[in-house]
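Counting in numbering that gives the first Met the number 0, the final residue of the sequence shown is number 308, and the numbers go up one at a time with none missing.
To start, the structure itself, in structure tokens.
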Amino acid sequence: MKTEITELLGIEYPIIQGGMAWVAEYHLAAAVSAAGGFGIIGAASAPPEVVREQIRKVKERTDRPFGVNVMLMNPNAPEVARVVAEEGVRAVTTGAGNPAAYIGMWKEAGIKVIPVVASVAMARMMEKAGADAVIAEGTESGGHIGSATTMTLVPQVADAVQIPVIAAGGIADGRGLAAAMMLGARGVQLGTRFLVAKESIVHANYKERVIKAKDIDSEVTGRSTGHPIRVLRNRMTREYLKMEAEGVSFEELEVLTLGSLRKAVIDGDVVNGSLMAGQIAGLVKKEQTCREMIEEIMQEAEALLHTCR
Ligand code: TUI
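What follows is the structure, encoded as structure tokens:
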């Protein structure tokens with residue numbers, strides 16, 4: 000399936016892996032790229048030199064294009080941005096902020112720039128700032144989210160900008176890919192499905208929670224603090240939401256979540272950990288290789304898009 004996104008990224012299929020904090024490390028990114036999708040290293044809060052190492056490890060494993068996601072709320076973001084420009088990758092995606100300050104540097108390094116946006120205004124601003132594409136991410140996504148749904152955001156962003164749009168949030172199979180194309184997207188970004196991939200280093204307990212999750216098993220913590228985060232319900236979310244309703248301070252709430260994603264991903268603590276996952280977790284039923292996932296999604300989407308013609 001050739002689209003403006005497969006052309007821009009030099010990939011076979013218009014499927015991009017989300018830059019999930021702690022989860023999107025070199026094994027997963029290399030596996031997605033080797034299977035014809037676009038793998039991404041999630042820099043999250045990693046130190047710049049760790050990001051450099053991760054980039055080099057993907058390059059050792061595959062010659063295919065891949066990218067890095069720079070999380071802009073990370074205090075180290077300026078240094079991470081520089082490391083990415085020095086090492087060179089096909090594309091940078093950004094999250095949780097405005098990447099305008101780095102776009103010039105990345106473009107000079109020949110890197111395509113694809114910011115995640117959660118609104119039409121931000122998409123327009125990114126196009127003006129020189130972005131090559133945008134990822135329109137709906138509130139169905141896991142982790143840090145905006146408020147618009149994928150169904151409403153994607154067509155409005157597609158109408159507002161000339162650059163290609165990638166849809167994210169609530170997509171995990173071929174039906175989601177086909178639907179996103181109908182809404183005006185030229186590619187999709189998937190997080191939750193790849194979180195349970197065989198090549199993903201996520202602890203088995205966390206994967207099992209995603210695989211067993213039902214449609215309404217996620218909660219959004221931090222709406223009152225301005226940092227809404229979608230996670231699967233557990234003891235941590237129950238305590239957090241109770242404290243949030245009682246008006247507990249931002250600092251105290253931070254203590255509850257500090258290091259909680261690491262607890263879930265690395266230690267497999269599904270009781271106190273932060274189990275970031277999207278609303279589509281209920282559709283994610285098994286652990287497969289990235290290649291199996293991508294091939295299954297493409298077959299299903301192509302059959303659907305064909306019958307629509
Ligand atoms: O970034 C994400 N999702 C994430 S980042 C993350 S790591 C984290 N861990 C603990 C606390 C906080 C974060 C987990 N999940 N998605 C991309 C995304 N970006 N979603 C929404 C946005 C966004 C929102 C507002 C992008 C730009 C924006 O505008 C900001 C501005 O400055 O105008």
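Glycine included, every Cβ here is placed at the ideal spot set by N, Cα and C.
Problem - Candidates R185, M235, I144: closest to V115 by CA position - result: One-based indexing of the sequence shown puts residue 115 at position 116. Of the listed residues, the one whose Cα sits closest to V115 is I144.
Practice task
Would you list the one or two residues that DSSP bridges to P13?
Solution key: Mapped onto the sequence shown, residue 13 falls at position 14. Note: P13 sits in no beta bridge, so no partner.
Problem - When I54, K58, S32 are compared against R81, the one with the closest alpha-carbon - result: To locate residue 81, count along the sequence shown from 1; it is residue 82. Ranking I54, K58, S32 by Cα distance to R81 puts I54 first.
Exercise for the section: Kindly examine the ligand TUI and report whether one of its heavy atoms sits closer than 7 Å to the Cβ of A117. Expected result: In the sequence shown, residue 117 corresponds to position 118, counting from 1. Under cutoff, so the answer is yes.
Problem - Uninterrupted beta strand (DSSP E) stretches inside the region 124 to 169 (no shorter than 3 residues) - result: 133 to 136, 164 to 167
Problem - H26 burial status per 10 Å Cβ neighbour count (16 or more: buried) - result: Along the sequence shown, one-based indexing puts residue 26 at 27. Classification of H26: buried, given that the 10 Å Cβ count is 16 or more.
Exercise for the section: Just the C-alpha distance for P64 and L8, rounded to the nearest angstrom, thanks. Expected result: Your numbering for residue 64 matches position 65 in the sequence shown. Your numbering for residue 8 matches position 9 in the sequence shown. Their Cα atoms are separated by approximately 7 Å.
Handout entry: Cβ-based neighbour list, A196, same chain, cut-off 6 Å, excluding 5 preceding and 5 following
Key = Along the sequence shown, read from residue 1 onward, the residue named residue 196 stands at position 197. Hits under 6 Å: C289.
Practice task
Ignoring anything shorter than 3 residues or poking outside the region 197 to 242, list the beta strand (DSSP E) runs there in chain order.
Solution key: 217 to 220, 228 to 231
Handout entry: Residue span of the alpha helix (DSSP H) that contains Q53, given as start and end
Key = The count along the sequence shown starts at 1 and reaches residue 53 at position 54. That run of the alpha helix (DSSP H) goes 47 to 60.
Handout entry: Member of V69, R261, G109 whose CA lies at the smallest distance from the CA of I200
Key = Within the sequence shown, the letter at position 201 stands for residue 200. The option with the nearest alpha carbon to I200 is R261.
Exercise for the section: Find out if the Cβ-Cβ distance for the pair A167, S140 is shorter than 8 Å. Expected result: The count along the sequence shown starts at 1 and reaches residue 167 at position 168. The count along the sequence shown starts at 1 and reaches residue 140 at position 141. Contact flag set, yes.
Exercise for the section: State whether the region 23 to 43 contacts the region 59 to 76, with contact taken as three or more CB pairs (one from each stretch) at a distance under 8 Å. Expected result: yes
Problem - Residue range of the alpha helix (DSSP H) that includes Q298 - result: Residue mapping note: residue 298 aligns to position 299 of the sequence shown, counting from 1. Residues 289 to 307.
Practice task
Using the DSSP secondary-structure output, state which residues sit across from N75 in a beta bridge.
Solution key: In the sequence shown, the residue the question calls residue 75 occupies position 76. Its beta-bridge partners do not exist; DSSP assigns none.
Problem - Exposure of P163, with buried meaning 16 or more beta-carbon neighbours within 10 Å - result: The count along the sequence shown starts at 1 and reaches residue 163 at position 164. Counting Cβ neighbours within 10 Å, P163 comes out buried, since at least 16 surround it.
Problem - Own chain partners of V394 with C-beta closer than 7 Å, once the 5 adjacent residues on each side are dropped - result: Any answer about residue 394 is impossible in this case: the structure gives the chain only from 0 up to 308.
Exercise for the section: Measure from the C-beta of E59 to each C-beta in chain D and report whether the shortest distance is under 8 Å. Expected result: Structure shown: chain D not included; a single protein chain is present.
Handout entry: G145: CB within 7 Å of a non-hydrogen atom of the ligand TUI
Key = As a first step, residue 145 is located in the sequence shown; it is residue number 146 there, counting from the start. Under cutoff, so the answer is yes.
Practice task
Return the chain-ordered list of same chain residues with a C-beta closer than 7 Å to the C-beta of V269, the five sequence neighbours on each side being excluded.
Solution key: The residue you call residue 269 lines up with position 270 of the sequence shown. Excluding positions up to five away in sequence, the list reads N204, Y205, R208, N233, A263.
Practice task
For G41, name the three-state secondary structure that DSSP assigns.
Solution key: Here residue 41 refers to the residue found at position 42 when the sequence shown is read from its first residue. Strand at G41.
Exercise for the section: Compute the minimum distance between the beta carbon of E218 and the heavy atoms of the ligand TUI, and state whether it is under 7 Å. Expected result: Numbered from 1 along the sequence shown, position 219 holds the residue referred to as residue 218. Incorrect: E218 has no Cβ contact closer than 7 Å to the ligand TUI.
Problem - Under the three-state DSSP convention, the category I265 falls into - result: Within the sequence shown, the letter at position 266 stands for residue 265. Three-state result, I265: coil.
Exercise for the section: Return yes when the C-beta of M0 is under 7 Å from any heavy atom of the ligand TUI, and no when it is not. Expected result: What you label residue 0 is simply residue 1 of the sequence shown in a count that begins at 1. No - the ligand TUI has no heavy atom lying nearer than 7 Å to the Cβ of M0.
Exercise for the section: Can you grab the Cα-Cα spacing for the pair G35 / V283, in whole Å? Expected result: Mapped onto the sequence shown, residue 35 falls at position 36. Mapped onto the sequence shown, residue 283 falls at position 284. Using only the alpha carbons, I get a separation of about 21 Å.
Practice task
Could you spell out the range, first to last residue, of the beta strand (DSSP E) harbouring M19?
Solution key: Start at 1 with the first residue of the sequence shown, and residue 19 comes out as number 20. Here M19 belongs to no beta strand (DSSP E), and DSSP marks it neither H nor E.
Exercise for the section: Indicate, with yes or no, if the ligand TUI has a heavy atom lying under 7 Å from the CB of M235. Expected result: Residue numbering aside, residue 235 sits at position 236 when the sequence shown is read from its first letter. For the ligand TUI, not one heavy atom lies less than 7 Å from the Cβ of M235.
Problem - Nearest-angstrom Cα separation, counted from I134 out to A108 - result: On the sequence shown, position 109 is the one that residue 108 refers to. On the sequence shown, position 135 is the one that residue 134 refers to. Roughly 21 Å separates the two Cα atoms.
Practice task
Rounded to whole angstroms, what's the CA-CA distance from A84 to I102? Just pull it up for me.
Solution key: In the sequence shown, the residue the question calls residue 84 occupies position 85. In the sequence shown, the residue the question calls residue 102 occupies position 103. One C-alpha to the other measures close to 10 Å.
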